[in-house]
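In the UniProt record's numbering, the protein residues as written are 1 to 716. What follows is one structure encoded as structure tokens, with my remarks underneath.
Printed below as a string of structure tokens:
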């Protein structure tokens, strides 16, 4: 087929016909001029325009061939002269477009595209008059060239493209759930930014869900962004959502509390009170982690910010719930130890000032270095010495004894103390019997007897001995040493004595007088340390000392006792230290006795006339144990012979204590009621002191010792 619709064969035939017709025309003299009435002659149609002279509209486009040639200059043989997709007839009659121009309105789209494809006006470059030519809408922007607002978002495509830079085909360019038109016209938000105020919420969420201001990141101006308020659940329109007195920003940003709850930690205290009043944590029930909740601490008066309110080393919760101590008082029982020290360091009872019941407060024992869990009274040892001789007990002694500091020398103090003890304290035989029971019959004791033993065999505190007015050796030793120390004598020596022939030991005290040790054992007089061995061997139940352990006790700068030295002497070593009276010592004793007698009875004078009588009586006493029957010498009207023997005098004698010993042993006889009665009747005397050698033995060693004899003649 050719463009005019004919095949090549038919076209040739037509040509031949045309040629024949032309010939006929010429022959006929042009008798036939226009046979199809299209304003074109047959010749023109055949020779010039090659149209069908028998068809007024050769190309069938709705226009006659003559109109196409003469009026529109279109091709009468082509249905669409400008190849724009529209027939020439449609362009002329229906669309009024130029059939000779593919794009009548020069908008870049062919008239056929505009009519058939896009429905645009081929006569207008901007069919919808939106300021965008149709082609740019179709090709570039993909908008609808027939609608001013392609995406129906309320914005003209032109403004979206040229002014707002939004997508004219998407009503919500930034996908924030608000169409672009509303963003521009209603909310003034940025249609290109889903979160115009940068608060973390989409503009659509703000205007539809939360009713917040999409242009203000903090709608209520409380310092917390709207998105954070939404996240935390607080009201972005209120500065204090839960009305607890704390603003939402304080709760969210500063304290991390729940802005929807007045009491975040549900401890009974409002967040406001915790933060502003008590400074506690509104996020935890127990701010200081002490085991007590904050509301529990407030009525107790404890510090909810300090787990140990009284700084005693125990947390408040332990004090209340475990130990029942006072969390506001570091020393609940007033014993001198903080509760924490008692629980952690010593294991003592913080509610009992004297855990072990030994009369010493736990705190005081801590200072002494004694064990506050062990009753020092159970054992005669260093623990007992430090406790029993403590300042605590010595100060109590002063209220029940007398002031021994008035005595100037150690001998005077020791003598006065022994004398006071001898007069005021009795030996407690019941207690002593139970000591023996422990040693010999413990397995045979009943439980009641054992309990009684436990009570009776405790050492007494010094002041208790005085209250009870009785005790046994350990009690005497503690009391004596305490009184010595309190009088100013230091050091003192506590003696722990063991025997060869007894399971029951003994206790005593010693002091140094002029460098020599003297034992103070319940009664006067003090005994030289060496002679003390023989005192037991020949006098006190014939017990043989095996050894003595000495504990030297001094007062420190705080006035408290400390054991500064210990040593042990065997019985043999003690025997070597014994002092045996000699004749010179006896003469000294006699002179002292004379001096003291004259002081006691100043009316007397020594009279040599009585010497011979005294010598006779002395010799008789030595030989028979009785004075002679001799008569008074001439010149005397009356008289008496007084005599005294003492086999133990030597045990107590020392040149250091001679004066005191004469007072105690001899002058006591002179001042006795029996002697004083006759002595008062005379005024002359003669006194002799001599001895009779005698032997004593401990079963191993035999020694010769003097038995002292005193003869005194008085007359007038």
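Where is the CB? At the ideal position from N, CA and C, for every residue including glycine. None of these values were measured; they are calculated from a predicted model.
Given a cut-off of 8 Å on the beta-carbon distance, is the pair residue i and residue j in contact?
i, j, result
"residue 88", "residue 56", "no"
"residue 509", "residue 385", "no"
"residue 651", "residue 593", "no"
"residue 472", "residue 428", "yes"
"residue 285", "residue 271", "no"
"residue 708", "residue 646", "yes"
"residue 340", "residue 312", "yes"
"residue 466", "residue 405", "no"
"residue 125", "residue 111", "no"
"residue 243", "residue 251", "no"
"residue 234", "residue 260", "yes"
"residue 485", "residue 373", "no"
"residue 479", "residue 550", "no"
"residue 197", "residue 217", "yes"
"residue 327", "residue 300", "yes"
"residue 685", "residue 610", "yes"
"residue 72", "residue 86", "no"
Classify residue i: buried if its beta carbon has 16 or more other beta carbons within 10 angstroms, exposed otherwise.
i, result
"residue 29", "Unreliable positioning characterises residue 29 in this predicted model, as indicated by a pLDDT of 44, which lies under 50. The coordinate reading is nonetheless provided below. Exposed, because fewer than 16 other Cβ atoms sit within 10 Å of the Cβ of residue 29."
"residue 520", "buried"
"residue 163", "exposed"
"residue 231", "exposed"
"residue 618", "buried"
"residue 715", "buried"
"residue 354", "buried"
"residue 631", "exposed"
"residue 599", "exposed"
"residue 634", "exposed"
"residue 461", "buried"
"residue 156", "buried"
"residue 51", "buried"
"residue 140", "exposed"
"residue 377", "buried"
State the beta-bridge partners of residue i as determined by DSSP.
i, result
"residue 697", "702"
"residue 497", "506 and 548"
"residue 691", "708"
"residue 523", "521"
"residue 640", "714"
"residue 646", "708"
"residue 570", "547"
"residue 685", "606 and 714"
"residue 471", "427"
"residue 315", "Answer is none; residue 315 lacks a bridge partner."
Where residue i and residue j are concerned, what is the direct C-alpha to C-alpha distance, given to the nearest angstrom?
i, j, result
"residue 581", "residue 637", "37 Å"
"residue 677", "residue 669", "12 Å"
"residue 482", "residue 430", "24 Å"
"residue 415", "residue 542", "26 Å"
"residue 515", "residue 523", "22 Å"
"residue 31", "residue 69", "With a pLDDT of only 45 at residue 31, under the threshold of 50, the placement of this residue in the model should not be trusted; the figure read from the coordinates follows. Answer to the nearest angstrom: the Cα atoms are 24 Å apart."
"residue 381", "residue 305", "48 Å"
"residue 723", "residue 603", "The requested residue 723 is not part of the displayed model; the chain covers only 1 to 716."
"residue 613", "residue 694", "25 Å"
"residue 417", "residue 423", "10 Å"
"residue 641", "residue 661", "23 Å"
"residue 143", "residue 128", "11 Å"
"residue 291", "residue 334", "25 Å"
"residue 279", "residue 223", "22 Å"
"residue 193", "residue 185", "15 Å"
"residue 228", "residue 249", "10 Å"
"residue 42", "residue 77", "15 Å"
"residue 171", "residue 150", "9 Å"
"residue 302", "residue 561", "40 Å"
"residue 474", "residue 487", "20 Å"
"residue 624", "residue 649", "20 Å"
What whole-angstrom Cβ distance do residue i and residue j have, given they're in contact under 8 Å?
i, j, result
"residue 351", "residue 332", "6 Å"
"residue 174", "residue 199", "With 8 Å as the limit, residue 174 and residue 199 do not qualify as a contact, their Cβ atoms being about 15 Å apart."
"residue 538", "residue 692", "About 16 Å; that fails the 8 Å criterion."
"residue 145", "residue 120", "5 Å"
"residue 236", "residue 212", "5 Å"
"residue 657", "residue 526", "6 Å"
"residue 40", "residue 66", "5 Å"
"residue 544", "residue 500", "4 Å"
"residue 336", "residue 362", "7 Å"
Considering only heavy atoms of the ligand ADP, does any lie closer than 7 Å to the CB of residue i?
i, result
"residue 412", "Looking for the ligand ADP in the displayed structure turns up nothing, as the structure carries no ligands at all."
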